[in-house]
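A.B. asks:
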Amino acid sequence: MKNYTLDQSEDLLIGKKGTQEREEYEFELKLELIGDMIKTARKKRNLTQEQLGELVGVKKSQISRLENSTGNVTFETVMRIFNALGAKLSLNLQM
Numbered sequence: 137m138k139n140y141t142l143d144q145s146e147d148l149l150i151g152k153k154g155t156q157e158r159e160e161y162e163f164e165l166k167l168e169l170i171g172d173m174i175k176t177a178r179k180k181r182n183l184t185q186e187q188l189g190e191l192v193g194v195k196k197s198q199i200s201r202l203e204n205s206t207g208n209v210t211f212e213t214v215m216r217i218f219n220a221l222g223a224k225l226s227l228n229l230q231m
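For reference, each letter of the sequence shown is one residue, going 137 to 231 in our numbering.
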């Protein structure tokens, strides 16, 4: 039985870095992490999805879809949500 490192396993199961499959996987993972961060911050502030939606100007269903990573969302909406939660967002752009 051969042992694999985490990087080797990811390359085999998801695709090598730079491939479309890997890029799509990493994008989906980042969306899921953003949803988790929003849900955690909302709960820390004792807000319901409906209350957060009212603060941001969107429906409860959009907050739910974002938290569960099951829908399209604009960057502007994400920024408005973090702003309404009083959370700071740090971006790291690499080219």
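Beta carbons: idealized from backbone N, C-alpha and C, even for Gly.
(1) Whole angstroms are fine: how far does the CA of ASP143 sit from the CA of LYS179?
(2) Nearest to ASN208 by alpha carbon, out of MET137, GLY171, LYS153?
(3) Grab me the residues of SER145's own chain with a C-beta within less than 7 angstroms of its C-beta, minus the 5 sequence neighbours each way, in chain order.
(4) Just how far apart, CA to CA, sit SER226 and LEU148?
(5) Are the CB atoms of LEU191 and ALA220 within a distance shorter than 9 angstroms?
(6) Beta-carbon within less than 6 angstroms of GLN185's beta-carbon, same chain only, minus the 5 sequence neighbours each way: which residues are those?
(7) Which same chain residues end up closer than 8 angstroms to LEU202 when comparing Cβ atoms and leaving out the 5 residues on each side of it in sequence?
(8) Assuming ARG158 contacts LYS166 under a Cβ cut-off of 8 angstroms, what Cβ separation, rounded to an integer in Å, is found between them?
C.D. replies: With the given structure in hand:
(1) Approximately 34 angstroms, taken between the alpha carbons.
(2) Residue GLY171 is the option with its Cα nearest to ASN208.
(3) When the five nearest sequence neighbours on each side are left out, no beta carbon in the same chain lies closer than 7 angstroms to the beta carbon of SER145.
(4) In a straight line, the C-alpha of SER226 is about 31 angstroms away from that of LEU148.
(5) ALA220 places its beta carbon less than 9 angstroms from that of LEU191.
(6) Excluding its 5 nearest sequence neighbours in each direction, GLN185 has C-beta neighbours in its own chain below 6 angstroms: LYS196, ILE199, SER200, listed in chain order.
(7) When the five nearest sequence neighbours on each side are left out, the beta carbons in the same chain lying within less than 8 angstroms of the beta carbon of LEU202 are those of ILE170, GLY171, ILE174, VAL209, THR213, VAL214, ILE217, in order along the chain.
(8) In this structure ARG158 does not touch LYS166 by the C-beta definition: roughly 13 angstroms separates them, more than the 8 angstroms allowed.
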